[in-house]
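S.K.: Would you mind keeping the following structure in view while I ask a few things?
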Amino acid sequence: MSTSSRSGPLLAVTGSVFVVLGVVLLCGGAYLASLGGSLYYLLAGLGLAATGVLVFRGRRAALGLLSLVLIVTIVWSVVEVRFDWWQLLPRLDIWFAAAVWLLLPFVDRRLGKEAAGADAGRKALFASVAATLVVGAIALGQDYHDLHGEMPQQNMAATGAADTAGVAAGDWSAYGHSGHGDRYTPAAQITPANAGRLTQAWSYHTGDFKGPTDPGEIANEVTPIKVNGMLYMCTPHNIVIALNPDTGKEIWRHDPKINRDAAGYQHMICRGVSYWDANAPAPGSTPRADAATMECPRRILAPTMDGTLIAVNADTGETCKSFGDNGVVDLYKGHPVKRRGMLMPTSPPAVARNMVVMAASVTDNESTDEPSGVIRGYDPVSGKLVWNWDPARPDETNPLTEGETYVRNSPNSWGVSSIDEKLGMVYIPMGNETPDTWGGRRNKNGERFNSAIVALDLATGKLKWVYQTVHHDIWDMDIGGQPTLVDIDTPKGKVPSLVATTKTGNIFVIDRRDGSLVVPAPEKPVPTDHVAAGDHVSPTQPFSALSFLPERNISETDMWGTTPFDQMACRIIFKNHRYQGPFTPQTVGEPGKGAIISPGPLGIFEWGGATVDPVRQILIVNPDYMGFQERLVPRALANAKGGTGGEMGLQPQSGVPFAVEIKPFLSPLGFPCQAPPWGYVAAVDLKTMKKVWMHKNGTTRDSAPVPIALPLGVPSLGGMMTTGGGVTFLSSALDYYIRGYDVSNGKVVWKARLPAGGQATPMSYVSDKTGKQYVVVMAGGHGSLGTSMGDEVVAFALPDK
1 MSTSSRSGPL
11 LAVTGSVFVV
21 LGVVLLCGGA
31 YLASLGGSLY
41 YLLAGLGLAA
51 TGVLVFRGRR
61 AALGLLSLVL
71 IVTIVWSVVE
81 VRFDWWQLLP
91 RLDIWFAAAV
101 WLLLPFVDRR
111 LGKEAAGADA
121 GRKALFASVA
131 ATLVVGAIAL
141 GQDYHDLHGE
151 MPQQNMAATG
161 AADTAGVAAG
171 DWSAYGHSGH
181 GDRYTPAAQI
191 TPANAGRLTQ
201 AWSYHTGDFK
211 GPTDPGEIAN
221 EVTPIKVNGM
231 LYMCTPHNIV
241 IALNPDTGKE
251 IWRHDPKINR
261 DAAGYQHMIC
271 RGVSYWDANA
281 PAPGSTPRAD
291 AATMECPRRI
301 LAPTMDGTLI
311 AVNADTGETC
321 KSFGDNGVVD
331 LYKGHPVKRR
341 GMLMPTSPPA
351 VARNMVVMAA
361 SVTDNESTDE
371 PSGVIRGYDP
381 VSGKLVWNWD
391 PARPDETNPL
401 TEGETYVRNS
411 PNSWGVSSID
421 EKLGMVYIPM
431 GNETPDTWGG
441 RRNKNGERFN
451 SAIVALDLAT
461 GKLKWVYQTV
471 HHDIWDMDIG
481 GQPTLVDIDT
491 PKGKVPSLVA
501 TTKTGNIFVI
511 DRRDGSLVVP
521 APEKPVPTDH
531 VAAGDHVSPT
541 QPFSALSFLP
551 ERNISETDMW
561 GTTPFDQMAC
571 RIIFKNHRYQ
581 GPFTPQTVGE
591 PGKGAIISPG
601 PLGIFEWGGA
611 TVDPVRQILI
621 VNPDYMGFQE
631 RLVPRALANA
641 KGGTGGEMGL
651 QPQSGVPFAV
661 EIKPFLSPLG
671 FPCQAPPWGY
681 VAAVDLKTMK
691 KVWMHKNGTT
701 RDSAPVPIAL
711 PLGVPSLGGM
721 MTTGGGVTFL
731 SSALDYYIRG
741 YDVSNGKVVW
751 KARLPAGGQA
761 TPMSYVSDKT
771 GKQYVVVMAG
781 GHGSLGTSMG
791 DEVVAFALPD
801 K
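Under the working numbering, think of the first position of the sequence shown as 1, with each following residue one higher.
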């Protein structure tokens, strides 16, 4: 009788599967070794294939050989990643499953007993399985990623009133609560002790959904504002809506009927609206004398995606016809490029007593023929242009004369600006001159404003100071987060400061009076080789002493996957790409080759910015860690291939020698190649500038192919909000939850399921009628992230006693 017939079909199938998997590992491992990677996969492939042959032949020696492979894998894994559970799992799962399968009685008894001592292999395999379980048990008790700590008692015990910059008690009157952008409300009804009792109070459906001509990146990123006894918000198509704050019932809506059919829109986003009140005096001033007779003494100022700024009566929703041209200011005026979809104001204007400061995003990586990045100051009553600051002509702030145009393609700002009316300054988070990844022909005057914080005189637009966070940025490290203004306690007393989170993970703390650094940010050397022809990089970059940049560069051992197979594939991808740490220049490469850019274009900190408790002197952030693959494509090849014009895929960058291909650093199965955690919440003591706690945040429930809630820590796109009661809220992780955290230690004290992705920043207010505190979030999803889309605003509150 042949060995194959003696073993039967079960062993034949088992052996064949082992051989096939072993050959895959063997071939992939050989290629990885040729790239200078680990030899493990080649050797493991040999071992698995040989085990499969022995199983196919019904030989008990297969048990001993597989036990050897498993023991070697355990040792190799622990050496590489210590006892990190989520790193060990993909290294050991297949081998553990294979060993258990061979030990099952109906499989084991089919293996022959050819020689004395044949049970030695079985015992060895049992021992290796037991060793795997022991290693797993040890790993479950380890935590290499979280930072556990408690905020100092003197911080938590601090009392006093925060500078709310003119916000009435209980209101949330601007995108970031006030012009200071701290995303903090003094309201203290909700505390860590009672937050677990929060329940849904009301919800509201906007009815605004993605249309057939909309771009892929349509997103509900709005943070509502509460002022004038109403809740105001906007939808992706710029419909402005007023709600009853106690019931969520619609009071009025204003549809500007934007040009939704225009080609070229890269985004369809509205992050918020702004409020202006003629009767609210600025610091040191008195109410306007004309307030009583003014049309729309209380107005909502809102951007539209087709390039306008509109003014709406905050009481009725009717157009303020005296503003601009029948209620509309044309933001394309003065621009040399007027194609619809090229100028996209996604963020609300910064509004002061006597000025409305407006900026706008442009189409990323489309071409060098883009609108200007000019920042403009308008009169809030008439809509008349008061000043304009073009980064390419920074000293010329008087309004353009007839026939003049702004400089095309100068650096722009797409985030939310902050205002200090006492100092008379507006603080602009600057983006880049597009295209982002090749800068050989950038405007020389505008170069110093790329990826910088710019302070302008609020009344004249004159430059007060500038601090650049990335020199000659070719990595899309533009600043999207609203700068936070906070007076920080230092040994020298309170310092009026500005806190700027950046995609690089550096947090720059700046004296907002003069632009000097509060926290040191020394220049350090960065890679300068392999720069694309015609371009250059700075030999140094600023690295803040307060940073969430990982302490070490990623390496081959950090490659992840659900199994050894996709983990091996990630190692191959990593080895086929150049990576020298942060600020690795992009590489001109063939498909499948290029550079690993980490932090990538989504950054460690995105447009959500930071939240600050100014009383307790606590900074709270939600850093993300996801790398990207990027390669520059020579113009001739790019023209042949076309381009998406989106933020991912092949982007044309017309007008420069290279297009660029950008894609997430993922395995062939669609899982991140970098090991988790990918998302955290964290807190900093502003008195010492030290991290106090940092915890991985969110699960894979809504982002993995199988809806299993693995607590890996997932990315979040949207900001946090903090209350005077000591609870901070975040809704924008890739799982559909809003969570409340104890600011003293970061522990989750409450969470609630959302009906869709919550890629927005929550806000909070107190009812004028009942005194009840609400937490409100838009659960509308994000097209580019793939989270479930919706149209629902959800409010939570403590139940009535």
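For every residue, glycine included, the Cβ atom is placed at its ideal position computed from N, Cα and C.
Run the CB neighbour count on Leu669, radius 10 Å, all protein chains shown included, and call it buried at 16 or more, exposed below.
M.R.: Looking at its Cβ environment, which holds fewer than 16 other Cβ atoms inside 10 Å, Leu669 is exposed.
S.K.: Measure how close the beta-carbons of Ile225 and Trp172 come, nearest whole angstrom, since I'm counting them as under 8 Å.
M.R.: That pair is a contact at about 6 Å.
S.K.: Going by DSSP, which residues form a beta bridge with His177?
M.R.: Per DSSP, Ala174.
S.K.: Using alpha carbons as the reference points, say which of Tyr265, Leu70, Thr213, Gly58 lies closest to Leu48.
M.R.: Taking only the C-alpha atoms, the option nearest Leu48 is Leu70.
S.K.: Could you check whether the stretch 25-34 touches the stretch 127-145, counting it as contact only if at least three pairs of C-beta atoms, one from each stretch, sit closer than 8 Å?
M.R.: In short, these stretches do not touch, since the Cβ pair count stays below three.
S.K.: Express the C-alpha separation of Thr611 and Ala62 in angstroms, rounding to a whole number.
M.R.: Their Cα atoms are separated by approximately 58 Å.
S.K.: Could you say which of Ser372, Val357, Leu331 lies nearest to Asp364 if we only look at CA atoms?
M.R.: Ranking Ser372, Val357, Leu331 by Cα distance to Asp364 puts Ser372 first.
S.K.: Going by other Cβ atoms of all chains shown within 10 Å of its Cβ, with 16 needed for buried, is Asn228 buried or exposed?
M.R.: Buried, because 16 or more other Cβ atoms sit within 10 Å of the Cβ of Asn228.
S.K.: Do you know offhand how far Val499's Cα is from Ala168's?
M.R.: Straight-line Cα distance between these residues: approximately 24 Å.
S.K.: Can you list the beta strand (DSSP E) stretches of 3 or more residues lying completely in the stretch 254-335, in chain order?
M.R.: Listed in chain order, they are 267-269, 274-277, 298-304, 308-313, 328-330.
S.K.: Considering just the uninterrupted stretch of the beta strand (DSSP E) at Trp750, what are its terminal residues?
M.R.: Counting along the chain, the beta strand (DSSP E) containing Trp750 begins and ends at 748-753.
S.K.: If you check the beta carbons only, do Arg299 and Cys270 fall under 8 Å apart?
M.R.: No, these two residues do not count as a Cβ contact at 8 Å.
S.K.: Below 7 Å CB to CB, which residues in the same chain sit around Gly415 once its five sequence neighbours on both sides are set aside?
M.R.: Ser347, Pro429, Ile479, Gly480, Gly481, Gln482, Trp607.
S.K.: Please report the residue range of the alpha helix (DSSP H) in which Pro105 lies.
M.R.: First-last of the alpha helix (DSSP H) with Pro105: 105-108.
S.K.: So is Val743 in contact with chain C if we call contact Cβ pairs under 8 Å?
M.R.: Among the protein chains of the structure shown there is no chain C, as only one such chain exists.
S.K.: What separation, rounded to the nearest whole angstrom, lies between the Cα atoms of Gln617 and Pro212?
M.R.: Those two C-alpha atoms are separated by around 47 Å.
S.K.: Is the Cβ-Cβ distance between Val329 and Leu309 less than 8 Å?
M.R.: In this structure, Leu309 lies closer than 8 Å to Val329 by Cβ.
S.K.: DSSP puts Ile241 in a beta bridge; with which residues?
M.R.: Beta-bridge pairing links Ile241 to Met233, Arg253.
S.K.: Please report the distance separating the alpha-carbon of His267 from that of Gly719.
M.R.: So the two alpha carbons sit approximately 19 Å from each other.
S.K.: Take every Cβ of the stretch 182-195, pair it with every Cβ of the stretch 721-733, and state whether three or more of those distances are shorter than 8 Å.
M.R.: Yes: at least three Cβ pairs fall under 8 Å.
S.K.: Assuming Ser544 contacts Ile488 (C-beta within less than 8 Å), just tell me the rounded distance between them.
M.R.: No, Ser544 and Ile488 are not in contact; Cβ-Cβ is about 14 Å, not under 8 Å.
S.K.: Assuming Ile74 contacts Leu92 under a Cβ cut-off of 8 Å, what Cβ separation, rounded to an integer in Å, is found between them?
M.R.: That pair is a contact at about 7 Å.
S.K.: Cβ atoms of Asp163 and His180: under 8 Å apart, would you say?
M.R.: It is a contact, given that the beta carbons lie within the stated cut-off.
S.K.: For a test of the three-state rule: what should DSSP assign to Asp119, helix, strand or coil?
M.R.: In this structure, Asp119 counts as helix in the three-state DSSP scheme.
S.K.: Per DSSP, which residues does Ser367 bridge with? Please list them.
M.R.: Answer by DSSP bridge pairing, in chain order: Ser654.
S.K.: Going by DSSP, what residue range makes up the alpha helix (DSSP H) through Gly47?
M.R.: Residues 40-56.
S.K.: When DSSP labels each residue in this structure, what does Ser4 get in the three-state scheme?
M.R.: Below a pLDDT of 50, predicted positions are generally treated as unreliable, and Ser4, at 45, falls in that range; no measurement from the model is reported.
S.K.: For the stretch 126-191, which segments carrying the alpha helix (DSSP H) assignment without a break, of at least 4 residues, lie completely within its bounds, in sequence order?
M.R.: The qualifying runs are 153-156.
S.K.: Quick one: give me the first and last residue of the alpha helix (DSSP H) that Met694 is part of.
M.R.: Where Met694 is concerned, there is no enclosing alpha helix (DSSP H), although the beta strand (DSSP E) it sits in stretches over 690-696.
S.K.: Going by C-alpha distance, which of Gly327, Ser598, Val466 is nearest Val381?
M.R.: Answer by Cα proximity: Gly327.
S.K.: Pop quiz: Asp566 and Ser667 are said to be a contact at Cβ under 8 Å. What is the actual Cβ separation, rounded to whole angstroms?
M.R.: Confirmed, Cβ separation roughly 4 Å.
S.K.: Classify Leu619 as helix, strand or coil using the three-state DSSP reduction.
M.R.: DSSP places Leu619 in strand when its eight states are reduced to three.
S.K.: Check whether the Cβ atoms of Ala795 and Gln773 sit closer than 8 Å, and answer yes or no.
M.R.: No, they are not a contact pair.
S.K.: On the DSSP letters alone, give me the boundaries of the beta strand (DSSP E) that Ser497 sits inside.
M.R.: Ser497 -> beta strand (DSSP E) spans 493-501.
S.K.: Just confirm the distance between the C-beta atoms of Asp379 and Val386, as a whole number of angstroms; I'd bet it's less than 8 Å.
M.R.: Going by Cβ atoms, the distance from Asp379 to Val386 rounds to 6 Å, so yes, they are a contact pair.
S.K.: Buried or exposed: where does Gln153 fall if 16 or more other Cβ atoms within 10 Å of its Cβ makes it buried?
M.R.: With fewer than 16 Cβ atoms within 10 Å of its Cβ, Gln153 is classed as exposed.
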